[in-house]
Structures are given as structure tokens and as C-alpha cells.
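Below you'll find the structure, written out as C-alpha cells, and then a few comments.
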Ligand code: OSB
Ligand code: MG
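Residue numbers (my numbering): 1 to 382.
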């Protein structure tokens with residue numbers, strides 16, 4: 001292959017099962033065990049990289065699921081990529097953008113893998129290839145909905161003790177103001193707190209938001225419908241606390257809409273949700289130019305997906321701590337070596353001194369928890 005170009009020769013899809021240490025409840029559902037789609041991309045020179053598709057088991061957060069992503073990668077993405085050589089990962093993004101709507105999480109898994117492939121080929125850290133400048137990134141934790149305010153206070157107190165720099169509380173109708181007020185009272189006025197409703201409310205519940213508005217939150221994440229911008233603008237006009245959009249931001253155009261309409265003042269970037277790193281960088285740059293802070297969201301990724309989030313969060317406008325908790329928060333054993341760790345100051349180190357994603361997949365463990373695998377393109381599986 002040429003110095004700069006690359007050709008993806010085969011894509012291997014694998015489903016692994018990874019039980020969470022404890023169930024994670026959001027307003028639209030609970031996850032106890034993750035079904036995770038891992039990809040291996042192999043180029044014509046034999047370079048292999050791993051990536052992760054963040055689609056969940058059910059379409060309760062986003063329309064895609066692990067099963068739709070598997071189908072879409074095999075039937076629509078692989079055939080476009082396996083026949084062509086690409087000059088860079090942006091060209092992969094362009095190839096997956098034209099005449100091919102939606103399926104951002106399926107596209108992102110492959111496009112982000114292409115970024116790692118180029119980083120690996122050049123012998124540079126993925127974070128540096130992306131333009132990341134930081135060597136460590138601040139970490140926040142996302143706490144699932146608990147049985148009672150006191151159970152949530154216990155979790156939040158533990159999280160603060162571990163050094164997390166921002167604590168996000170999942171909320172839903174019936175588990176909102178009292179829960180958040182209890183945590184605020186226990187942790188004091190200086191604790192950096194946010195809430196995330198995952199679209200559980202409507203404008204008819206304005207009173208809840210008026211009460212949350214007095215609790216000193218850094219922002220309120222995605223209170224209204226997953227595809228809404230207009231009603232979020234109406235709600236933002238009635239509140240002092242900034243709104244942060246997650247589900248509603250599916251690409252750079254939606255950020256422009258958000259700014260134009262006034263639907264929010266903070267953006268959660270999950271590279272899977274926006275179709276990969278090319279789009280994530282575009283959103284990052286647009287927000288930076290417009291004075292909008294961004295932060296990196298999480299999707300309960302394994303250590304493979306986490307590597308990509310850590311690399312992305314090293315870009316300069318990721319000024320709010322990201323949902324990039326260490327491996328041990330999620331898993332008894334992660335699928336990468338070394339596992340991701342966080343120091344007492346709530347920082348995760350970006351592996352800038354290692355090429356590519358900076359962690360090694362634990363092949364024996366991954367094999368042991370693989371429930372299905374399929375290879376598209378030339379060569380054998382694996
Ligand atoms: O809204 O950020 C969300 C997990 C699944 C679906 C949606 C969300 C989340 C999280 C997880 O908050 C955060 C993490 O990975 O630590
Ligand atoms: Mg969210």
C-alpha cells in the first residue's frame with residue numbers, strides 16, 4: 001500500500017457478553033449484562049486494530065441495537081469499504097455518508113477503527129492523530145437511578161471519595177427533585193452535580209425543572225424527547241441552569257440548530273451517536289468557535305471503546321469531565337491490558353506514548369466470552 005493510503009481487507013465482528021458489576025438503570029431501561037459488538041479491522045499490510053460499536057441491546061436510548069448494527073456493517077458498510085483504498089479516515093467518513101442515512105453507531109465503529117488503523121500505521125497515539133493535546137483527562141461518574149434518595153446519597157458520597165470530578169445523577173419522574181436535593185445537601189454547595197433524564201419529561205412538567213433550577217446543577221442533560229430541539233429551546237428560555245443535549249445531537253448540523261434555536265448551552269459528544277471521529281471533531285471545532293463547552297459521554301463501553309473516548313476527550317474543548325470511568329467501575333475484568341485506571345484526583349492518563357489505541361485486547365479472555373463471530377472480506381476469521 002502507499003505511504004498514506006490504506007485498504008481494509010477484512011472486518012471481523014464478534015459479540016461478547018460482559019456482566020456489569022451492578023445493574024445500571026436509566027429512565028428508559030436497565031442494563032445488567034452488556035452484549036458488546038467488537039470489530040477487528042485488518043488492512044492489506046496485515047495491520048490489525050480493534051474497535052467497538054456502542055449500540056445497546058434494546059433501542060431505548062437510540063434507534064440502533066447491536067443486532068441492527070451487525071446487519072448494517074455486514075450488508076451495507078463492509079461492501080463499500082472492502083473494495084476501495086482510502087487516503088485517510090475522513091475519506092471513510094465521506095464514503096459512509098453519501099446515499100446512506102442513519103446507522104451512526106454502526107458507521108462509527110468502522111470509521112473510528114479506520115482512525116486507529118492510520119494511527120497504528122504511522123506509529124502515533126490515536127489521541128495525537130486526532131489533534132488531542134492533553135496527557136490526562138478529568139473524569140465524571142454517571143450514577144444510575146437508585147431505590148431511594150438515601151441509596152443515591154451513599155453512591156454519590158462514595159464517588160466523591162474516589163475523586164470523581166463531576167457526579168451525574170440519572171433521573172426520571174418520581175425519582176428527581178427529592179433525590180437530587182438529598183445529594184446536594186449531603187455533598188454541599190461545591191460538589192459539581194449534573195442530572196440526566198434521558199428524555200423522560202415533557203414541557204408539561206415545568207414545575208420539576210423550576211425546582212431543579214434551584215439546586216445549583218452544572219447542567220441538565222436531555223430532559224425532553226430524544227429527537228427534539230424546539231421544545232428544549234422553550235424549556236431553556238424558562239431556566240437559568242444550562243441544558244445539555246445528548247440524544248438530540250446526531251451530527252454537526254444539529255449543533256448549529258441547537259445554537260440557532262437556543263435549545264441548549266452544552267454538548268455531550270458520544271462519537272458513536274454522531275457517526276465517528278470525523279463528525280466528533282467537526283462538532284468539537286464548531287462548539288469551540290461558538291463558545292459552547294463539550295464533554296465526552298459514555299455508553300458503558302468495554303476497555304476497547306473507552307480507549308477511543310479517552311483519545312477524543314484529549315481535545316482542547318473537552319472542558320467538562322467526561323463519562324470515562326475506570327474499568328473497575330463497570331467490570332470485574334476488562335477486555336484490555338492494561339485496564340483503565342483513575343488516580344485520586346479523578347484523572348485518567350491518555351496513553352500518548354503508545355501507538356494506536358494504547359491498550360492491548362486480552363485475546364484469551366475475549367475468546368472465552370465471545371458468543372458469535374463472523375468475518376467479511378478475504379482471509380480467515382480471527
Ligand atoms: O445518557 O449518557 C447516557 C449509558 C447508556 C445509555 C445512555 C447513557 C449512559 C450513561 C453511561 O450515562 C455513562 C458511562 O458509560 O459511564
Ligand atoms: Mg445522556
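In this text, a Cβ means the ideal position worked out from N, Cα and C, and glycines have one as well.
Using a Cβ-Cβ cutoff of less than 7 Å, which residues in the same chain neighbour residue 60 once the five nearest sequence positions on both sides are dropped? 28, 29
Does residue 176 pass the burial test, meaning 16 or more other C-beta atoms within 10 Å, or should it be called exposed? buried
Residue 142 CB to nearest heavy atom of ligand 1 below 7 Å: yes
Going by C-alpha distance, which of 256, 253, 252, 208 is nearest residue 235? 208
Beta-carbon proximity check, residue 10 vs residue 376, cutoff 8 Å: yes
State the DSSP-derived secondary structure class of residue 211, mapped to helix, strand or coil. helix
Taking just the CA atoms, how far does residue 168 sit from residue 298? 12 Å
Look up residue 56 in the DSSP assignment and give the residues it is bridged to. 65
Could you check the C-alpha separation between residue 349 and residue 5 for me, to the nearest Å? 30 Å
Considering only the alpha carbon of each residue, which of 78, 40, 210, 342 lies closest to residue 240? 210
Please state whether DSSP places residue 361 in a helix, a strand or coil. strand
Touch test, the region 108-125 against the region 337-346, Cβ-Cβ under 8 Å, three pairs minimum: no
What's the gap between the Cα of residue 154 and the Cα of residue 191? 14 Å
Check whether the Cβ of residue 60 sits closer than 7 Å to any heavy atom of ligand 2, and report yes or no. no
Short check: CB of residue 170 to CB of residue 73, under 8 Å? no
If I follow the unbroken beta strand (DSSP E) through residue 79, where does it start and stop? Counting along the chain, residue 79 falls outside any beta strand (DSSP E), though it belongs to the alpha helix (DSSP H) covering 78-81.
Residue ranges of each alpha helix (DSSP H) run of no fewer than 4 residues wholly in the region 1-37, ordered along the chain? none
Whole beta strand (DSSP E) elements within the region 176-244, 3-residue minimum: 193-196
Run through DSSP, which three-state label would residue 381 get? Any reading at residue 381 must be qualified, since the residue scores a pLDDT of 47, below 50, and its modelled position is unreliable; no value is offered.
Quick check on the DSSP output: what are the complete alpha helix (DSSP H) runs of length 4 or more inside the region 66-130, in order along the chain? 66-72, 78-81, 89-97, 104-122, 126-130
Alpha-carbon to alpha-carbon, residue 63 and residue 55: 9 Å
Nearest-angstrom beta carbon gap, residue 105 and residue 273 [assumed within contact, 8 Å]: 7 Å
Near residue 321, which residues of its chain fall below 6 Å by C-beta distance, leaving aside the five closest residues on each side in sequence? 138, 139, 140, 165, 166
Take residue 196 as the anchor and find which of 266, 221, 288 has the nearest alpha-carbon. 221
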